[in-house]
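Heads up, the sequence shown is in my numbering, so the first residue is 359 and it goes up one at a time. What follows is a single structure, written as structure tokens, with notes after it.
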Amino acid sequence: MRCSTFLSVCAAAALSFLTPLAALANSQQAETLAEIESKGLQAVGSDRLERMIAESRSANDIEFTRGWLAEQPKASGGEQWKCLSEALYFEARGETVKGQFAVAEVILNRVKSEDFPGSLCNVIHQGTGKKYQCQFTYTCDGYAEVIAEPRAYDRVSKIARAVLDGKVPSLTDGATYYHTTAVSPRWSRVFTRTAKIGVHLFYRDGVQTASN
Numbered sequence: 359m360r361c362s363t364f365l366s367v368c369a370a371a372a373l374s375f376l377t378p379l380a381a382l383a384n385s386q387q388a389e390t391l392a393e394i395e396s397k398g399l400q401a402v403g404s405d406r407l408e409r410m411i412a413e414s415r416s417a418n419d420i421e422f423t424r425g426w427l428a429e430q431p432k433a434s435g436g437e438q439w440k441c442l443s444e445a446l447y448f449e450a451r452g453e454t455v456k457g458q459f460a461v462a463e464v465i466l467n468r469v470k471s472e473d474f475p476g477s478l479c480n481v482i483h484q485g486t487g488k489k490y491q492c493q494f495t496y497t498c499d500g501y502a503e504v505i506a507e508p509r510a511y512d513r514v515s516k517i518a519r520a521v522l523d524g525k526v527p528s529l530t531d532g533a534t535y536y537h538t539t540a541v542s543p544r545w546s547r548v549f550t551r552t553a554k555i556g557v558h559l560f561y562r563d564g565v566q567t568a569s570n
């Protein structure tokens, strides 16, 4: 009994000495890790770090609402941005915000496809000059393209900017065609429907299935 008691006391004493040492080691390790992390962040640079944080948040920060659009800074850009903004204005300004994003995605998908021209402006104006034989009706319907609703244009221009900046998650599953629910074009029977957003149905090349 005495030997057991003595051993227990010795073990307890040993632990009382070991615990502060372990805590000290952990503290030193934490300080070392913090120092390494700090040096790493300094190497990245504050500007680059801010961009990395913004990029990681951007896709999750998108809200398909007018309120979200109103909070975004006034959009600007070059010729491709202007072409996309005008296409969204004339093709989808009466659509929901999510629907407008989806239409923009279709246009961008066409640019990426080998079946269409390789720039936004060329995709949008494909067939322009041949009345009612163009890809986007507003470019060949014979009417002047007048932006009479500046607020609507301001909204869609922000959508165009966000899409071109790659900040929007996929909505149409690769669609390269769309039409409103008010019509039923022949081509829709042989393409695969990928989504229905607002008053638009979206399709990509392929055979239409019963589940669509």
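Note that CB positions come from ideal geometry on N, CA and C, so glycine has one too.
Taking C-alpha atoms, which residue in the options lies nearest to residue i?
i    : options                   : result
I420 : T486, F459 and E503       : F459
T552 : G435, V464 and E437       : V464
Y343 : V481, G500 and Y511       : Since the first residue of the chain shown is 359 and the last is 570, residue 343 is not available in this structure.
F494 : R424, E507, V455 and F448 : F448
D523 : R424, F422 and G435       : G435
T538 : G457, S477, K440 and L478 : G457
D531 : L559, T423, G425 and A433 : L559
K440 : T423, H483 and T550       : H483
V455 : T550, A540, G476 and G425 : G425
Under 9 angstroms between the Cβ atoms of residue i and residue j?
i    : j    : result
A533 : Y496 : no
L427 : V521 : no
Q438 : K516 : no
I505 : L529 : no
A323 : D563 : Outside the shown range of the chain (359 to 570) lies residue 323, about which nothing can therefore be said.
E444 : E503 : yes
Report, in whole angstroms, the separation of the C-beta atoms of residue i and residue j, which I expect to be a contact under 8 angstroms.
i    : j    : result
E453 : V526 : Not really, about 15 angstroms apart at Cβ, beyond 8 angstroms.
V514 : L446 : 4 angstroms
A450 : A518 : At roughly 11 angstroms, the Cβ-Cβ gap does not stay under 8 angstroms, so A450 and A518 are not in contact.
C492 : G485 : 4 angstroms
C498 : K489 : 5 angstroms
DSSP has residue i in a bridge; who is on the other side?
i    : result
A553 : F560
Y536 : F560
So, does the CB of residue i fall closer than 9 angstroms to a CB anywhere in chain D?
i    : result
V526 : Among the chains in the structure shown there is no chain D, since it carries only a single protein chain.
| How do the region 542–551 and the region 465–475 stand: do at least 3 beta-carbon pairs fall below 8 angstroms, yes or no? | no
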